[in-house]
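Visitor: Input: one structure, supplied below.
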Amino acid sequence: MQSRSDPTVVPSLLSIAKSTRAFLTILLDRIDLHPGQDQLLDKLDRDNPINVSSLADSLAVRPSTVSKMLDRLIDRGLVERASNLRDARRTMVRLTEAGMKAQAEVREIWSKLEEELTSNLSDEEIGVLSDSLVKAEEILTQRLRRLR
36 MQSRSDPTVV PSLLSIAKST RAFLTILLDR IDLHPGQDQL LDKLDRDNPI
86 NVSSLADSLA VRPSTVSKML DRLIDRGLVE RASNLRDARR TMVRLTEAGM
136 KAQAEVREIW SKLEEELTSN LSDEEIGVLS DSLVKAEEIL TQRLRRLR
């Protein structure tokens, strides 16, 4: 049995994050995207524009980070900005038609990667892993919000 004073979760999560990011970088490069852009595209909807602050919050990054990412995606025609009809000070963003195609490709890549990662696990193991990761994410997100 592992002792709580001997950390194993953080080193494992760091290693998994590094390997996942490296693997994802290779797959995203095939569709000319960079890590992070996939997550941003996944959060957007063609029919329901979202403001930059809400988008940043949902990605757990600063609005300035989202703005830089958006600039690159707008240059590629995947995302567009528009003024908020109720509050002109707020910038809204949404997917373009090309962005919807890119989003579908991202989700396909994620699905294939998940299939690769879970192919040797039972349904029960996948459920336990998924539940544990969701809990870890909730804890980290909550703590991170307090620090920002």
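Residue numbers 36 to 183, in the numbering used here, belong to the letters of the sequence shown in order. Don't be surprised by glycine CBs; every beta carbon is placed ideally from N, CA and C.
Can you look up ALA95 in the DSSP assignment and give me helix, strand or coil?
Guide: If DSSP states are grouped into helix, strand and coil, ALA95 belongs with coil.
Visitor: Quick one: Cα of LEU182 to Cα of VAL101, how far?
Guide: Whole-angstrom Cα-Cα distance: 19 Å.
Visitor: How about ARG125 and ASN155: do their beta carbons lie closer than 7 Å?
Guide: For ARG125 and ASN155, no; Cβs fall outside 7 Å.
Visitor: Spell out the partners DSSP gives SER118 in its beta bridges.
Guide: DSSP, once it has assigned bridges, lists THR126 as partnering SER118.
Visitor: Classify GLY162 as buried or exposed, calling it buried when 16 or more other Cβ atoms lie within 10 Å of its own Cβ.
Guide: Exposed, by the Cβ-count rule.
Visitor: Whole angstroms is fine: what's the gap from LEU130's alpha carbon to SER40's?
Guide: Rounded to the nearest angstrom, the two C-alpha atoms are 47 Å apart.
Visitor: Alpha carbon to alpha carbon, how far is VAL45 from ASP82?
Guide: Rounded to the nearest angstrom, the two C-alpha atoms are 39 Å apart.
Visitor: Hey, how far is the Cα of LYS136 from the Cα of LEU113?
Guide: Straight-line Cα distance between these residues: approximately 9 Å.
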